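Enquirer: Taking the UniProt record's numbering, the leading residue of the sequence shown gets 1, the next gets one more, and so forth. Even glycine gets a Cβ: it sits at the ideal position worked out from N, Cα and C. What you are looking at is a predicted structure, and each value in this text was computed from that prediction instead of being measured.
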Amino acid sequence: MKLKGYKELRNDPKYTKPLPTDEVFLREVLELGQPGLEQVRLLLDTGDVQGARNVYLQHMDSAQVKRYYFDINDVPRLMQEARSRYAWDAEALQDIAEADRITQGDLPIFKDKRVYLPDGKYNWNSWLYDSSQYQLHLTRFTYVKRLSRAYTLTGDEKYAACFNHMMEDFILDNPVPVDGTFRGEHCTWDPLSVGYACSCCRKPLSPSTDRQLSLPK
Numbered sequence: 001m002k003l004k005g006y007k008e009l010r011n012d013p014k015y016t017k018p019l020p021t022d023e024v025f026l027r028e029v030l031e032l033g034q035p036g037l038e039q040v041r042l043l044l045d046t047g048d049v050q051g052a053r054n055v056y057l058q059h060m061d062s063a064q065v066k067r068y069y070f071d072i073n074d075v076p077r078l079m080q081e082a083r084s085r086y087a088w089d090a091e092a093l094q095d096i097a098e099a100d101r102i103t104q105g106d107l108p109i110f111k112d113k114r115v116y117l118p119d120g121k122y123n124w125n126s127w128l129y130d131s132s133q134y135q136l137h138l139t140r141f142t143y144v145k146r147l148s149r150a151y152t153l154t155g156d157e158k159y160a161a162c163f164n165h166m167m168e169d170f171i172l173d174n175p176v177p178v179d180g181t182f183r184g185e186h187c188t189w190d191p192l193s194v195g196y197a198c199s200c201c202r203k204p205l206s207p208s209t210d211r212q213l214s215l216p217k
C-alpha cells in the first residue's frame, strides 16, 4: 500500500487547519492591551473589522524601531529617485522585461531554469524538473524582487496585482500544518519562513497598499 505524502495530505483537515480570519486574529491572537493598539481595539468594539485591520497594518509600518538603513516610509522617495536616475538603464529595462514575463506565469528559478504556470494557476508542490530542489527555489520567491523593482521603476499596478495574487494563491493552496505535521517535509512552509518572508516581500510594493495589496483576506 502506498502511503500518502505531503502533496496529498496538505489539504486533509486531519493534518491542517484553516487560517484565522482577520477578526479572529485581531480579537484572539493580537494582544490588544499593548501600547499603540488603542484605535484597533476601539474599531473592533464598533464592529469595524476592516478598519481595525488597516489601522493595525499602519501601526506595523510605522514601528518605532527604526532601521539603520532605509525604512518603509522612505519607499516613495526612493521610487522617485530610482525613476529619475535609473529608469532607462539597461539593467532596469531588463528587470521590467523579466517582471513582465513573471506576470504571465513565466517564472525563473535557478541555473537558467524556468517554469511556466499560466493563467495564475501556480503549482507550488511539484518536483519541477524531477527534483525537489527546483520546487524549493520556486517557493523561496527570490524572483519577486523583479516585481518590486519593476513597480518602483514604472508604478504599474499590474506588478502589485501579480504579487498579491501569487501570495494569496500560495497561502490558500498550503493550509497551516497542525502542530509539527510536515515539519521535516520538503513542503512550502519551511523555505518560505512564512510570516517574515511575506512581510518583507511586500515592503517594496508598499505605495500600493491602499489598492492592490490591501485585500481584506
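1) Would you mind listing the alpha helix (DSSP H) stretches within the stretch 78-122 that are 4+ residues and don't spill past its ends, in chain order?
2) What would DSSP say about Thr154, mapped onto helix, strand or coil?
3) With a Cβ-Cβ cutoff of 7 angstroms, do Gly120 and His59 count as a contact?
4) Taking Gln122 as the reference, which of Glu31, Ala97, Phe163 and Ala150 has the closest Cα?
5) Let me make sure I understand the geometry here. Which of Val49, Arg146, Phe110 and Gln104 has the alpha-carbon closest to that of Thr21?
6) Inspect the beta-carbon positions of Ala160 and Tyr151 and report whether they are closer than 7 angstroms.
7) Per DSSP, which residues does Lys17 bridge with? Please list them.
8) Expressed to the nearest angstrom, what Euclidean distance is found between the alpha-carbon atoms of Leu136 and Asn125?
9) At the level of alpha carbons, what is the spacing between Phe25 and Arg83?
10) Is Ser132 helix, strand or coil by DSSP?
11) Under 7 angstroms between the Cβ atoms of Val144 and Leu128?
12) Do the stretch 6-16 and the stretch 169-177 meet, that is, are 3 or more Cβ pairs less than 8 angstroms apart?
13) Short of 7 angstroms in beta carbon distance, which residues of its chain neighbour Ala92, apart from the five on each side in sequence? Order them along the chain.
14) Beta-carbon of Gln34 versus every beta-carbon of chain B: anything under 7 angstroms?
15) Considering only C-alpha positions, which residue in the set Leu57, Asp179, Ala52 and Ala99 is nearest to Gly155?
16) Assuming Ile171 contacts Leu19 under a Cβ cut-off of 8 angstroms, what Cβ separation, rounded to an integer in Å, is found between them?
17) Helix, strand or coil, according to DSSP, for Pro35 in the structure here?
18) Going by the beta-carbon positions, is the gap between Gly36 and Leu43 smaller than 7 angstroms?
Expert: Taking the geometry as given:
1) 90-103
2) helix
3) no
4) Looking at the sequence itself, residue 122 is Tyr, so the reference to Gln does not match. Put simply, of Glu31, Ala97, Phe163 and Ala150 the residue whose alpha carbon is nearest the alpha carbon of Tyr122 is Phe163.
5) Val49
6) yes
7) Its beta-bridge partners are Val176.
8) The C-alpha of Leu136 lies about 9 angstroms from the C-alpha of Asn125.
9) Taking the straight line joining both Cα atoms gives about 38 angstroms.
10) helix
11) no
12) yes
13) Tyr86 and Leu153
14) The question asks about chain B, but that chain is absent: this structure has only one protein chain.
15) Ala99
16) 7 angstroms
17) Here Pro35 sits in coil by DSSP.
18) Cβ distance not < 7 angstroms, so Gly36 and Leu43 don't count as in contact.
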